[in-house]
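**Q**
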Amino acid sequence: MSQRGVGSGLRVAAWVLVPLGLVLALGNIGYFLTHYQGAIVMSEAMEPTYRPGERLAIERIDAGEIRRGDVVLVHVPDRYQGRPGPAAGHRDGRRSRGVRRK
33 MSQRGVGSGL
43 RVAAWVLVPL
53 GLVLALGNIG
63 YFLTHYQGAI
73 VMSEAMEPTY
83 RPGERLAIER
93 IDAGEIRRGD
103 VVLVHVPDRY
113 QGRPGPAAGH
123 RDGRRSRGVR
133 RK
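Per this note's numbering: the sequence shown = residues 33 to 134.
1) In chain order, which alpha helix (DSSP H) runs of at least 4 residues are fully inside the region 40-111?
2) If you compare alpha carbons, which of V106, E86, G53, Y82 is closest to I93?
3) Cα separation between P84 and V44?
4) Which one of P109, L88, D102 has the shortest CA to CA distance from Q69?
5) Roughly how many angstroms separate the alpha carbons of G39 and L58, rounded to a whole number?
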C-alpha cells in the first residue's frame, strides 16, 4: 500500500476551495451590479452624513419599505429643473403650462 504525503490533502483541498471561492466572489459581484446603482454626492446638501465626492450604493425599494433614518433619492424630471416643458409653472405667473405670459 502506498503512503500519501501530508501535502497531498492540502493540494486537493486547494483545487476544490479556490475555484469555489472564485465562483462565490463572482456571484456576489454580479448580484451587486444587477441589484444596486451607484451615485456620487455632488453638493454639500447631505452633509455631515455624506460629503461631496463620496460614492453611494443605491437600492431601489418600494415606498412601503422606507423607514425612519433612510436616505431617499428622488429623480426629478427635466421639466422641474428650470428647463421649459409642457407642464412647467411658476407661482409668480410668468409661465404657465409652458407658455410665457407678457
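Heads up, the beta-carbon is just placed ideally off N, CA and C, and yes, glycines get one too.
**A** Working from what's here:
1) none
2) V106
3) 49 Å
4) L88
5) 28 Å
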